Amino acid sequence: MRVAGQIEVKVEKIFIESPNVKRFRLVPTDEKLLPAFTGGAHIETTIQANGFNYVRSYSLTSPPTERFYYEIAIQLDSNSRGGSAFWHQQVELGQVLNISFPRNNFPLSSRGRHHVFYAAGIGITPFLTMIRDLRAQDTFELHYAAPTPNECAFYPFLQEHYPDQCTFYFSKVEQSQRMTPSTMATHRIGTHVYFCGPNQMVKEYREAATAFGYSNEAVHFEVFASEFENLPKHPFTVELAESEITLKISEQETLLEALLKAGIDAPHACKIGGCGSCEIDVLDGDVDHRDVFLSDENKQNRKSILACCSRAKSEKLIINI
Amino acid sequence: MPQLPKLYDQSPVLTEDTFQCTGATKKVVVFLTKEALSLTVNIPTKILSEEFPLPASKEEIRYFLQSQRIGTHFFIMAPWDEASEIFDICMEEGMSESEIQIHILGAKRRFVYCMKCYTRKEIASDISHTQCNCGAHLEVGPYFSSLRQGYIGYPFHPSTNSKGVDLHACSGTN
């Protein structure tokens, strides 16, 4: 029986996509069909090993209509906090793990008529499923930056299936090419742009899109980590209006972590300020917004906090939970 | 095909004034009928502008839209039916409501969708109750359904109405 939201799977196959990227095929141990999903969806993987609980989110790369298995692609991160290193060095065929049902914080827009995807490195993964979800009348372009063809995950696949739509930019080859936002400038109306890559790249492309005249509704992005994680963190106090509990949030922890530690079932998903699942109403106090989910206007007008990453400007917040 | 927004009397794209530029505006296309020729549209000189005279066929409008680049915003000055048709084409071509402003020449139109007989009926702009062609008394809800192309009309039994509404005052136009 599948416990709500969790599916037990085992690693059935491991493919080498590039020297730093492995693709893992996961099949359900109960041999039931897996839930279908939409392009851009991800799963949260949980492996318990060596006394650690490795919980990580990865985009699905298998076809959205494939119900017998899921695939994820993982890049070995040189700054790995354990997740990608564990997957690359210790996960073998037959490894059993739990995964969440698919979630999608980065869906394809059903309003756009032309879709332009910009991927840097492993940022290619959500686009592999989004491309398959496009309607017949929609058109797309994929711009993909990697150091070399050899280090470009899914390069042969993309060349074979979408040769006319893909443009590759290799930075460490003889005639190197840099992917730049300028290719966004001349698209027709009804174009939607999508960015996935390191924070700095996503920030640069978002700013360029705004400057070129894209509306907020036409700009979509996904980041790997919180854009503001390197900002200084100060301790603060939170009063929970409903339960009348007071929590002290230390410099090292987030509001969400403190809530969960206190046994409060606070909703959450991405944990990097990108999806809005952990938004909580604020009754009093000033919020230091550190998310990319709320618009500038919302940050000014909406009295709420994203518990996974935002903090307090004032010493104390009163939140409605 | 997803359900696209429809033009309605409280639509955020409607304006009583002239075109308002935003930071995203790089070019303005003014769709205008003969009646609008005498009206003034203040577009800053640094913004490119172009006029598109109406009437025009759907195909002509669609072909023109497909040749326009990101950052182009539209200002439509036309009677309701014509403006509504251009708005629909803009939505089909993937534009968002923030890229369009509409100045209606003449009256706006308003519709209610009956939740008893599932038909649509035109109503005056200032009424909150009406009687549908099927006989049902409807309270005109606040929600406009793009799918039904009208405000949702909730049937109620006149004898149980506790709001003190004078039902004889209910009216509508077909």
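Which chain is which? The protein sequence lines are A and B, in order. Under the working numbering, the first residue of the first sequence carries the number 813, and numbering increases by one thereafter. Under the working numbering, the first residue of the second sequence carries the number 17, and numbering increases by one thereafter. Ideal placement from N, C-alpha and C gives every residue a C-beta, glycine not left out. Nothing here was measured: the structure is a model prediction, and the numbers come from that model.
For A:ALA1081, the closest C-alpha among the options A:THR857, A:SER890, A:LYS834 is that of A:THR857. Not a single C-beta of chain A is nearer than 8 Å to the C-beta of B:GLY169. Each of B:GLY110, B:THR135, B:ILE143 was checked against the Cα of A:ARG923, and the nearest Cα belongs to B:GLY110. Here B:ALA94 is actually not in contact with B:THR56; their C-beta atoms are around 16 Å apart, not less than 8 Å.
Below the 7 Å Cβ cutoff, chain B contributes ILE86, GLY87 as neighbours of A:PHE1024, in chain order. For the segment 66–77 of chain B, no residue has a beta-carbon sitting nearer than 7 Å to a beta-carbon of chain A.
The beta carbon of B:GLU109 falls within 8 Å of a beta carbon belonging to chain A, placing the residue at that interface. Taking 8 Å as the cut-off, the Cβ atoms of A:VAL1094 and A:ILE1061 do not count as close.
With respect to the 8 Å criterion, B:LYS124 and B:ILE105 are not classified as neighbours on the basis of their beta carbons. Residue pairing of B:THR38 in beta bridges, as defined by DSSP: absent, with no partner found. Around the CB of A:SER1055, fewer than 16 other CB atoms lie within 10 Å, so the residue is classed as exposed. Note that the C-beta distance between A:GLY1002 and A:ARG947 is not below 8 Å. For A:ASN910, the enclosing beta strand (DSSP E) stretches over residues 908–912. Between A:GLY933 and A:GLY1025, the CB-CB gap reaches or exceeds 8 Å. Distance between B:GLU98 and B:LEU30, taken at the CA atoms: about 14 Å. Taking 8 Å as the CB threshold, B:LEU81 lines the interface with chain A. No Cβ-Cβ contact shorter than 8 Å links A:TYR866 with A:PHE929. Secondary structure at A:LEU970: helix, using DSSP grouped into helix, strand and coil. In its chain, beyond the 5 residues on either side, ALA958 have a beta carbon closer than 6 Å to the beta carbon of A:CYS964. When Cβ-Cβ separations below 8 Å define contact, A:THR873 makes no contact with chain B. Sequence-distant Cβ neighbours of A:LYS1125 in its own chain, meaning closer than 7 Å and more than five residues away, are ASP1098, VAL1099, ASP1100. Sequence-distant Cβ neighbours of A:PRO919 in its own chain, meaning closer than 6 Å and more than five residues away, are THR850, GLY852. According to the DSSP secondary-structure assignment, A:CYS978 is paired through a beta bridge with A:LEU954. The beta carbon of A:ARG1018 sits closer than 8 Å to those of PHE1007, VAL1031, PHE1033, all from its chain and outside the five residues before and after it, given in chain order. Take A:SER983, set aside five residues on each side of it, and the residues of its chain with a beta-carbon closer than 6 Å to its own are PRO959, in chain order. Between the alpha carbons of A:LYS825 and A:LEU905 lies a distance of about 6 Å. Within the segment 1042–1057 of chain A, contact with chain B at the beta-carbon level (separation under 8 Å) is assigned to no residue. Nearest neighbour of B:TYR134 by Cα position, chosen from B:GLN165, B:GLN117, B:GLU113, turns out to be B:GLN165.
Taking the beta carbon of B:LYS42 as reference, the chain A residues within 9 Å of it are PHE1024, GLY1025, listed in sequence order.
With a threshold of 8 Å between beta carbons, B:GLU115 makes contact with chain A. Going by DSSP, A:LEU1059 is part of the beta strand (DSSP E) stretching over 1057–1061.
For A:GLU1091, same chain residues with a beta-carbon under 6 Å away, outside a window of 5 residues either side, are SER1116, LEU1118 in chain order.
Within the segment 922–935 of chain A, SER922, ARG923, GLY924, ARG925, HIS926 place their CB atoms closer than 9 Å to a CB of chain B, listed in sequence order. Counting of Cβ neighbours within 10 angstroms places A:LYS1128 among the exposed residues, the total staying below 16. The beta carbon of A:GLU1029 sits closer than 8 Å to some beta carbon of chain B. Within the same chain, Cβ atoms closer than 7 Å to the Cβ of A:GLN989 are found at TYR981, PHE982, the five residues on either side in sequence being excluded.
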